[in-house]
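In what follows, a structure is listed as structure tokens, so that the remarks can point back to it.
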Amino acid sequence: MQSEHAPVIQALQTLRGVAEVTAVTLVAEIGQFSRFINPRQLISYAGLVPKEYSSRSSRWQGSITKIGNVQIRRALVECAWA
Numbered sequence: 019m020q021s022e023h024a025p026v027i028q029a030l031q032t033l034r035g036v037a038e039v040t041a042v043t044l045v046a047e048i049g050q051f052s053r054f055i056n057p058r059q060l061i062s063y064a065g066l067v068p069k070e071y072s073s074r075s076s077r078w079q080g081s082i083t084k085i086g087n088v089q090i091r092r093a094l095v096e097c098a099w100a
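Start counting the sequence shown at 19; every next residue gets the next number (the working numbering).
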């Protein structure tokens, strides 16, 4: 049985480090990629944006916020390790 998501899953598998399980996880957790206007929204949804610290005279960024979809973040971090 072919899924309506098969083309997206196949496209994701062309990325380095993305295998079938990861691609299916991303599609299941994200749903329609078109609901995000730009990549920044998707990355924010996944919780992969850096924390920002600022004071009156300076601004710097720290580690990722870890606020967002845990399953997406876990899958993408594992892809980065591959």
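Idealized CB from N, CA, C, for every residue including glycine.
- At a Cβ-Cβ threshold of 8 Å, I90 and L33 do not count as neighbours.
- In the DSSP annotation of this structure, the continuous segment of the beta strand (DSSP E) that includes E70 starts and ends at 68-72.
- Counting of Cβ neighbours within 10 angstroms places A100 among the exposed residues, the total staying below 16.
- The beta-bridge partner set that DSSP reports for I82 consists of P68.
- The C-alpha of G49 lies about 15 Å from the C-alpha of Q28.
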